[in-house]
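Numbering-wise (this note's numbering), the sequence shown opens with residue 212 and increments by one.
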Amino acid sequence: MGMKKIEVIIRPEKLDTLKKILARNEYSGLTVMTAMGCGHQKGLTKEFSEIGLDANLLPKLYVMTVIWEEDLEDILAEIREKLSTGNVGDGKVFISDMQDVMRIRTGERGEKIL
Ligand SMILES: Nc1ncnc2c1ncn2[C@@H]1O[C@H](COP(=O)(O)OP(=O)(O)OP(=O)(O)O)[C@@H](O)[C@H]1O
Ligand SMILES: [Mg+2]
């Protein structure tokens with residue numbers, strides 16, 4: 212069983228929903244950062260397109276968590292179900308392999324310490 216890192220860019224008001232999804236799957240560790248970003252629409256709102264700016268960064272939250280590979284598809288499905296509003300700007304999940312982890316206090320290594 213391996214580990215996956217998911218980096219989830221979300222609307223700020225969806226943080227609680229995402230935290231609940233992770234908690235229900237028995238994950239407690241996560242890192243949250245405030246972020247600014249844009250996607251395909253370049254963050255354009257009517258107001259900005261009128262004054263001719265070519266990109267506009269909108270406030271988002273960046274949530275990083277490392278999970279067991281076997282939980283990945285369930286968590287992605289729940290994110291899809293609960294964080295989609297149907298409007299542009301709902302965010303993205305970047306998924307990558309996580310090779311190893313060390314708990315600083317004890318030096319323990321590997322997926323068992325998640
Ligand atoms: N290719 C990317 N690389 C890094 N961050 C991205 C990328 N695409 C989107 N993001 C981040 O995700 C946030 C939300 O993106 P967004 O949901 O608007 O993506 P999108 O591809 O435009 O999809 P949609 O058409 O549903 O809006 C952005 O503000 C940005 O922080
Ligand atoms: Mg977009």
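Quick reminder that beta carbons are idealized off the backbone N, C-alpha and C, glycines included.
- Message: Please state whether the Cβ-Cβ distance between glycine 302 and valine 219 is less than 8 Å.
- Response: yes
- Query: With distances taken between CB atoms, is the gap from glycine 248 to leucine 269 smaller than 8 Å?
  - Reply: yes
- Query: Under three-state DSSP, which class holds glutamate 292?
  - Reply: helix
- Give the single residue among Phe305, Gln252, Asn298 and Gly250 whose Cα lies nearest to the Cα of isoleucine 286. Phe305
- Would the beta-carbon of glycine 250 be found less than 7 Å away from any heavy atom of ligand 2? yes
- Pick out whichever of Val299, Ala234 and Val274 has its Cα sitting closest to the Cα of glutamine 252. Val299
- Bridge partner(s) assigned by DSSP for arginine 320: Met313
- Could you tell me whether any non-hydrogen atom of ligand 1 is closer than 7 Å to the CB of valine 299? yes
- Measuring alpha carbon to alpha carbon, tell me which of Lys230, Asn236 and Ile278 ends up nearest glycine 213. Minimum Cα distance to glycine 213 is reached at Ile278.
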